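Reading the sequence shown from the start, the letters are residues 1447 to 1722 in our numbering. Positions of the beta carbon are idealized from the N, C-alpha and C atoms, including for glycine. Being a predicted model, the structure only gives us computed values, none of them experimental. Written below as structure tokens is the structure these notes are about.
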Amino acid sequence: MATAQKTLASGHGWQVSDVVCTAIAGDKPFEEEHCSFCVAAVTRGAFRYCTRQGTAMLAPGAILLGNPGACYECGHEHGAGDRCLSFHFSPAYLERVLADLPDVKRLGFTHPRLPPLPALAPLLAEAEAAREAGDGEAFEELGLRMAGAVATAAADTSTPSRAPSRRDQKRVAEAVRLIELNADRPLSLTKLAAGTATSPFHFLRTFRQVAGMTPYQFLLRTRLHRAAVRLRSSGAAISTIAFDAGFNDLSTFNRRFRREMGQAPGAYRARRTRGR
1447 MATAQKTLAS GHGWQVSDVV CTAIAGDKPF EEEHCSFCVA AVTRGAFRYC TRQGTAMLAP
1507 GAILLGNPGA CYECGHEHGA GDRCLSFHFS PAYLERVLAD LPDVKRLGFT HPRLPPLPAL
1567 APLLAEAEAA REAGDGEAFE ELGLRMAGAV ATAAADTSTP SRAPSRRDQK RVAEAVRLIE
1627 LNADRPLSLT KLAAGTATSP FHFLRTFRQV AGMTPYQFLL RTRLHRAAVR LRSSGAAIST
1687 IAFDAGFNDL STFNRRFRRE MGQAPGAYRA RRTRGR
């Protein structure tokens, strides 16, 4: 198995781990079993996830969902390696969370994943910043917030559409990796489509079906997420962080950051200071 797991924090009924997989294309997919409810935020790479709830291609920003006792298989035929922040909750823990969510009645996930969602973006950035800073104490609160936010979002998910083909998943995975490697540079839809040998229209439609958002939305989210992590974990100037992330105009960065994260960059950074 090409997976390394490091426990970052744990408590009664919950645990969060940093999971790094180094599997490459051609490695045989491995099968495992979820021992508890699993909510894993993908922070790097892409892979195929198959469980009884369905099959999905997971990319950065997506959330893997797993139920206790469910067998699952992960494959990397579309690329090499990934990294996830994996939250695990016991049934009793999740039941207590759902008791305070009147609109969520079902204990258990009916879909294999959540696509990248704006409502979860600030929380995921906080969690990744805590991982990078080694702030284990932050995860008790972050885990509780993650359980509630994901349970609510999963309850609102519509009936899944027909699963995309393996070829489509491979094309999108290749585009995702290109965006990850070049997020700080201009990337046009035409260039991304050319890299997958498809027309821009077909590529746009396929990417949205597989990743849950358009290529531009994914590029913008990647830039904003990286900026948010740096705001939480470093003292660099906001303008420096914005330009390093790929934004050429500070006012555009401020406006889009506020729209995505719900706060201006300065206010978002100030939350870290108050927390300390």
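Fill in: Cα-Cα separation between Val1675 and Gly1459, rounded to whole angstroms
Along the sequence shown, one-based indexing puts residue 1675 at 229. Along the sequence shown, one-based indexing puts residue 1459 at 13. Using only the alpha carbons, I get a separation of about 27 Å.
Worksheet entry | Proximity winner among Lys1474, Arg1617 and His1557, relative to Ala1639 (alpha-carbon distances) | Position 193 of the sequence shown, counting from 1, holds the residue named residue 1639. Relative to the Cα of Ala1639, the nearest Cα in the group Lys1474, Arg1617 and His1557 belongs to Arg1617.
Worksheet entry | Neighbourhood of Ala1576 by C-beta, 7 Å cutoff - its chain only, sequence neighbours within 5 removed | Mapped onto the sequence shown, residue 1576 falls at position 130. Contacts found: Ala1584, Phe1585 and Leu1588.
Discussion item. Does Arg1672 pass the burial test, meaning 16 or more other C-beta atoms within 10 Å, or should it be called exposed?
Written reply: The sequence position of residue 1672 within the sequence shown is 226, counting from 1. By the C-beta density criterion, Arg1672 is buried, having at least 16 other C-beta atoms within 10 angstroms.
Worksheet item: Alpha carbon to alpha carbon, how far is Thr1489 from Pro1548?
Response: Position 43 of the sequence shown, counted from the first residue, corresponds to residue 1489. Position 102 of the sequence shown, counted from the first residue, corresponds to residue 1548. Distance between Thr1489 and Pro1548, taken at the CA atoms: about 30 Å.
Worksheet entry | CA-to-CA distance, Asn1628 to Pro1606, given in whole angstroms | By 1-based counting over the sequence shown, the position of residue 1606 is 160. By 1-based counting over the sequence shown, the position of residue 1628 is 182. Model confidence at Pro1606 stands at a pLDDT of 49, short of 50, so the residue's coordinates are unreliable and nothing is read from them.
Worksheet item: Quick one: what does DSSP say Ile1470 is sitting in, helix, strand or coil?
Response: The residue labelled residue 1470 in the question sits at position 24 within the sequence shown. In the structure shown, Ile1470 sits in coil (DSSP, three-state: anything other than H, G, I, E or B).
Worksheet item: To the nearest whole angstrom, what separates the beta carbons of Gln1655 and Pro1610, a pair I think is in contact under 8 Å?
Response: Residue numbering aside, residue 1655 sits at position 209 when the sequence shown is read from its first letter. Residue numbering aside, residue 1610 sits at position 164 when the sequence shown is read from its first letter. Confirmed, about 5 Å.
Fill in: Enclosing beta strand (DSSP E) for Met1503 [first to last residue]
Position 57 of the sequence shown, counted from the first residue, corresponds to residue 1503. Its beta strand (DSSP E) spans residues Gly1500 to Leu1504.
Discussion item. Strictly by DSSP, which residues pair up with Ala1455?
Written reply: Sequence index remark: in the sequence shown, residue 1455 carries index 9 (1-based). DSSP lists Val1462 as partners of Ala1455.
Item to complete: Taking Arg1529 as the reference, give the member of Pro1537, Phe1535 and Cys1520 with the closest Cα.
Response: By 1-based counting over the sequence shown, the position of residue 1529 is 83. Comparing alpha-carbon positions, the option among Pro1537, Phe1535 and Cys1520 lying closest to Arg1529 turns out to be Cys1520.
Worksheet item: Do you know offhand how far Asn1694's Cα is from Thr1686's?
Response: Along the sequence shown, read from residue 1 onward, the residue named residue 1694 stands at position 248. Along the sequence shown, read from residue 1 onward, the residue named residue 1686 stands at position 240. So the alpha carbons of these two residues sit roughly 10 Å apart.
Discussion item. Comparing C-alpha positions only, which one of Val1462, Ala1713, Glu1478 and Arg1669 sits nearest to Phe1417?
Written reply: Residue numbering for the chain in the displayed model covers 1447 to 1722; residue 1417 lies beyond these limits and cannot be assessed.
Worksheet item: Can you pull the DSSP bridge partners for His1534?
Response: Locating residue 1534 in the sequence shown gives position 88, counting from the first residue. For His1534, the pairing in a beta bridge is given by DSSP as Gln1461 and Cys1484.
Item to complete: Mind checking who Gln1450 pairs with in its DSSP beta bridge?
Response: For the purposes of this step, residue 1450 is taken as residue 4 along the sequence shown, with counting starting at 1. The displayed chain sequence assigns Ala, not Gln, to residue 1450. DSSP lists Val1466 as partners of Ala1450.
Practice prompt. Express the C-alpha separation of Ala1601 and Asp1630 in angstroms, rounding to a whole number.
Written response: For this step, residue 1630 is matched to residue 184 along the sequence shown. For this step, residue 1601 is matched to residue 155 along the sequence shown. Each residue's Cα considered, the two are about 35 Å apart.
Worksheet item: By Cβ distance below 7 Å, which residues in the same chain neighbour Thr1642 in space, the five residues on each side in sequence not counted?
Response: Locating residue 1642 in the sequence shown gives position 196, counting from the first residue. Contacts found: Arg1617, Glu1620, Ala1621 and Phe1649.
Fill in: Test item: CB-CB of Gly1532 and Ala1486 under 7 Å
Position 86 of the sequence shown, counting from 1, holds the residue named residue 1532. Position 40 of the sequence shown, counting from 1, holds the residue named residue 1486. Rather than Gly, the amino acid found at residue 1532 in this sequence is Ser. For Ser1532 and Ala1486, yes; Cβs fall inside 7 Å.
Discussion item. So, under 8 Å CB-CB, Ile1470 and Ala1505 are touching, yes? Tell me the CB distance rounded to an integer number of Å.
Written reply: Along the sequence shown, one-based indexing puts residue 1470 at 24. Along the sequence shown, one-based indexing puts residue 1505 at 59. Beta-carbon to beta-carbon, Ile1470 and Ala1505 are separated by about 17 Å, too far to satisfy the 8 Å threshold.
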